[in-house]
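Colleague: Here it is, the structure, as structure tokens.
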Amino acid sequence: NAGVMQNPRHLVRRRGQEARLRCSPMKGHSHVYWYRQLPEEGLKFMVYLQKENIIDESGMPKERFSAEFPKEGPSILRIQQVVRGDSAAYFCASSPLRGSTDTQYFGPGTRLTVL
Amino acid sequence: GQNIDQPTEMTATEGAIVQINCTYQTSGFNGLFWYQQHAGEAPTFLSYNVLDGLEEKGRFSSFLSRSKGYSYLLLKELQMKDSASYLCAVNMNRDDKIIFGKGTRLHILP
Numbered sequence: 019n020a021g022v023m024q025n026p027r028h029l030v031r032r033r034g035q036e037a038r039l040r041c042s043p044m045k046g047h048s049h050v051y052w053y054r055q056l057p058e059e060g061l062k063f064m065v066y067l068q069k070e071n072i073i074d075e076s077g078m079p080k081e082r083f084s085a086e087f088p089k090e091g092p093s094i095l096r097i098q099q100v101v102r103g104d105s106a107a108y109f110c111a112s113s114p115l116r117g118s119t120d121t122q123y124f125g126p127g128t129r130l131t132v133l
Numbered sequence: 056g057q058n059i060d061q062p063t064e065m066t067a068t069e070g071a072i073v074q075i076n077c078t079y080q081t082s083g084f085n086g087l088f089w090y091q092q093h094a095g096e097a098p099t100f101l102s103y104n105v106l107d108g109l110e111e112k113g114r115f116s117s118f119l120s121r122s123k124g125y126s127y128l129l130l131k132e133l134q135m136k137d138s139a140s141y142l143c144a145v146n147m148n149r150d151d152k153i154i155f156g157k158g159t160r161l162h163i164l165p
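Residue numbers (this note's numbering), protein chains in the order written: chain A, 19 to 133; chain B, 56 to 165.
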């Protein structure tokens with residue numbers, strides 16, 4: 019049973035470009051969470067999605083950031099017109115059930131560097 | 056707002072015992088996680104406490120007091136590979152929204 023997969027592992031973008039980060043949850047998991055981790059900082063919740071639904075996006079910046087989890091395929095975190103402050107590690111986690119006590123399983127992360 | 060506090064850094068000696076404390080003030084509480092994160096890697100699950108008391112799992116134990124908003128992670132027989140950041144995180148609601156502390160960086164000396 020493969021774990022949570024994220025790609026790319028490392029992404030370099032110039033200011034103003036778009037970044038697309040992908041997350042494939044564990045098999046059987048229908049809940050996906052995105053977190054951002056700045057250097058020397060804790061993980062910050064961004065968004066919680068189920069298939070085709072955004073459940074909680076209270077941690078998402080209002081502009082330039084969007085997320086989706088289509089019926090087929092991975093979840094995508096999209097950052098438009100990236101700025102240097104977007105440089106961070108972006109982690110995706112998945113869980114099987116809403117409101118379960120099962121923990122969230124984290125992917126290896128995508129490290130975004132904005133030049 | 057939500058607040059989770061834990062020490063920034065701690066140092067301990069190989070073979071010893073170390074206790075990492077975490078206090079929290081959150082608007083909701085369903086349980087408390089501890090994660091281990093090595094530099095440049097994803098967090099890995101260590102424990103999840105829902106009820107008050109101590110839960111032991113091998114060399115690692117985790118304690119929770121809901122009335123005091125307090126938890127600790129106890130690591131025994133420290134090994135060099137235990138050098139990592141330890142993240143305290145609160146599960147705030149039934150949707151499993153987790154709020155993380157900034158983490159405690161643990162250095163193990165030989």
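Here a beta-carbon is modelled for each residue, glycine too, at the ideal position from N, C-alpha and C.
Remember, predicted model here, so these are calculated numbers, not experimental data.
Which same chain residues, not among the five before or five after S117 of chain B, have their C-beta less than 6 Å away from its C-beta?
Modeller: Cβ within range, chain order: W89, S102, N104, E110, L128.
Colleague: Beta strand (DSSP E) containing V65 of chain A: first to last residue?
Modeller: It spans 61-68 - the beta strand (DSSP E) in which V65 of chain A sits, taken as one unbroken run.
Colleague: Rounded to the nearest angstrom, what separates E86 of chain A and S42 of chain A at their Cα positions?
Modeller: In a straight line, the C-alpha of E86 of chain A is about 12 Å away from that of S42 of chain A.
Colleague: Which residues in chain A have a C-beta closer than 7 Å to the C-beta of A97 of chain B? List them in chain order.
Modeller: Here the neighbours are F109, F124, G125, P126, G127.
Colleague: Count the other CB atoms, across all protein chains shown, that sit within 10 Å of the CB of R54 of chain A; report buried if there are 16 or more and exposed otherwise.
Modeller: Buried, by the Cβ-count rule.
Colleague: Compute the Euclidean distance between the alpha carbons of Y51 of chain A and I97 of chain A, then round it to the nearest angstrom.
Modeller: For Y51 of chain A and I97 of chain A, the distance between alpha carbons rounds to 16 Å.
Colleague: Among all the DSSP beta bridges, which residues are the ones paired with L133 of chain A?
Modeller: Note: L133 of chain A sits in no beta bridge, so no partner.
Colleague: Quick one: using the 10 Å Cβ neighbour count with 16 as the cut-off for buried, is T66 of chain B buried or exposed?
Modeller: Classification for T66 of chain B: exposed.
Colleague: Given a threshold of 16 other Cβ atoms within 10 Å of its Cβ, counted over all protein chains shown, does D60 of chain B qualify as buried or as exposed?
Modeller: D60 of chain B should be labelled exposed.
Colleague: Per the DSSP calculation, K112 of chain B is bridged to which residue(s)?
Modeller: DSSP output for K112 of chain B lists B:F115 as bridge partner(s).
Colleague: Quick one: which chain B residues come within Cβ less than 9 Å of K63 of chain A?
Modeller: With the sequence shown as reference, residue 63 of chain A is identified as Phe, and Lys is not the correct amino acid for it. Result: K152, I153, I154, F155.
Colleague: Rounded to the nearest angstrom, how far is the Cβ of E59 of chain A from that of K157 of chain B, given a contact under 8 Å?
Modeller: Right, the Cβ-Cβ distance comes to about 6 Å (below 8 Å), so this counts as a contact.
Colleague: Name the DSSP bridge partner or partners of V50 of chain A?
Modeller: DSSP, once it has assigned bridges, lists A:L67, A:S112 as partnering V50 of chain A.
Colleague: When the Cα of E82 of chain A is compared with those of A:R38, A:L56, A:L67, which residue comes out closest?
Modeller: Sequence check: residue 82 of chain A is Arg here, not Glu. Answer by Cα proximity: A:R38.
Colleague: How is D60 of chain B classed by DSSP in three states: helix, strand or coil?
Modeller: Strand at D60 of chain B.
Colleague: Is E59 of chain A close to chain B, meaning its C-beta is less than 8 Å from at least one C-beta of that chain?
Modeller: So yes, E59 of chain A belongs to the interface.
Colleague: Bridge partners for Q98 of chain A per DSSP, in chain order?
Modeller: Q98 of chain A pairs with nothing; no bridge assigned.
Colleague: Name the two residues that bound the continuous beta strand (DSSP E) containing E86 of chain A.
Modeller: Element bounds for E86 of chain A: 83-86.
Colleague: Count the other CB atoms within 10 Å of the CB of N58 of chain B; is the residue buried (16 or more) or exposed (fewer)?
Modeller: Flag for N58 of chain B reads exposed.
Colleague: Would you kindly check if the distance between the Cβ of G127 of chain A and the Cβ of A107 of chain A is under 8 Å?
Modeller: A contact, by the Cβ cut-off of 8 Å.
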